[in-house]
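Engineer:
Numbering (the working numbering), first residue to last: 307 to 633.
(1) Tell me, which residues are paired with residue 348 by DSSP?
(2) Could you please give the first and the last residue of the uninterrupted beta strand (DSSP E) stretch that includes residue 509?
(3) Starting from residue 551, trace the beta strand (DSSP E) in both directions and tell me its first and last residue.
(4) May I ask you to report which of helix, strand or coil DSSP gives residue 475?
(5) Does the count of Cβ pairs from the segment 562-581 and the segment 419-428 closer than 8 Å reach three?
(6) Please confirm whether residue 435 and residue 569 have their CB atoms less than 8 Å apart.
(7) Taking C-beta to C-beta, are residue 606 and residue 406 nearer than 8 Å?
(8) Can you name the start and end residues of the alpha helix (DSSP H) that residue 359 belongs to?
(9) Note down the Cα distance separating residue 522 from residue 550, rounded to an integer number of angstroms.
(10) Taking all protein chains shown into account, do 16 or more other C-beta atoms lie within 10 angstroms of the C-beta of residue 544, making it buried, or fewer, making it exposed?
(11) Please state if the CB of residue 391 and the CB of residue 401 are separated by a distance shorter than 8 Å.
(12) Classify residue 436 as helix, strand or coil using the three-state DSSP reduction.
(13) Does the segment 415-425 come close enough to the segment 498-518 that 3 or more CB-CB pairs lie under 8 Å?
(14) Is DSSP giving residue 340 helix, strand or coil here?
(15) Nearest-angstrom Cα distance between residue 520 and residue 454?
(16) Does the distance from the CB of residue 458 to the CB of residue 484 come in under 8 Å?
(17) Am I right that residue 352 and residue 380 are in contact with their C-beta atoms under 8 Å? What's the rounded C-beta distance?
(18) Tell me residue 622's beta-bridge partners as DSSP assigns them.
(19) Which first and last residues belong to the beta strand (DSSP E) in which residue 573 is found?
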């Protein structure tokens, strides 16, 4: 019996040693590193490669990779605002560049999101004005919004934010799609069609200068169509997310006068799946590295913390709210 008890005691000692080497209670095991090394994969939805979102998305990814611990961020070209809302909703991206009006439509279930309300949307920041630019060429003779009647007009891709902006502005000016020949083209496609003479004018919604228009202006005499105060005032009264802006003379080659225009705002959106700490870290990194954004596109000169909530049309991520409330 004594030998048996001694054997049991020896076995217990060996068992305790093995437990100390990681073979015991799982609750006491040291946490194992994640297979991805603890990386936070952050997919950023931008827009077409001819627009403003794409270079800014690349810059944002670079900022996050260098300034947010564990971030593995990448930007991807997409169909822009409306497509980006759907990508967020489906969980295919984590951050998206979208227009503030599109965010409003999605969160309220209106316009192209009628009966398709996206309640999970949250804002990180508003960035800069996205100007509704109406571009044509000198040979068309178009000088005003009224001159668009009877013309072939690129109004944006079907169901896009640009298309909504074009329709709203035209309607305020007393023009419907029955009065024009609408062409549902992205602004990259619209610029190509203008070059080839396949359309007479196009709506482009982006921060200026826009690469697609700059390229067009190197080959043709570009004319920027003004949105007069009479149209702008009525538009803003009906759709308060618009603001008045001026496209300065010489923004585009051979355009020697200022152009009156209206704008919505570019913003960064996420969903309620993003926690407050991550939201805070992203916004802090962005505003702490604006030089990198400015290097990507001149429009970033308009990005400031002071204006980061201006035109915010949806509820903020809690972390972003915390950042903007800090002095």
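Even glycine gets a Cβ: it sits at the ideal position worked out from N, Cα and C.
Structural biologist: In short:
(1) Answer is 379, bridged to residue 348.
(2) 507-512
(3) Per DSSP, residue 551 is one residue of the beta strand (DSSP E) stretching across 549-553.
(4) helix
(5) yes
(6) Taking 8 Å as the Cβ cut-off, residue 435 and residue 569 qualify as a contacting pair.
(7) no
(8) 359-373
(9) 25 Å
(10) With fewer than 16 other Cβ atoms from the protein chains shown falling within 10 Å of its own Cβ, residue 544 counts as exposed.
(11) The answer is no: Cβ separation not under 8 Å.
(12) strand
(13) Verdict: no, contact absent.
(14) Low local confidence applies: a pLDDT of 38 at residue 340 is under 50, so the model's placement there is unreliable, with the coordinate-based value given in what follows. It is coil, neither helix nor strand.
(15) Cα-Cα distance, rounded: 22 Å.
(16) no
(17) Actually they do not touch by this definition, with Cβ atoms about 10 Å apart.
(18) 429
(19) 565-577
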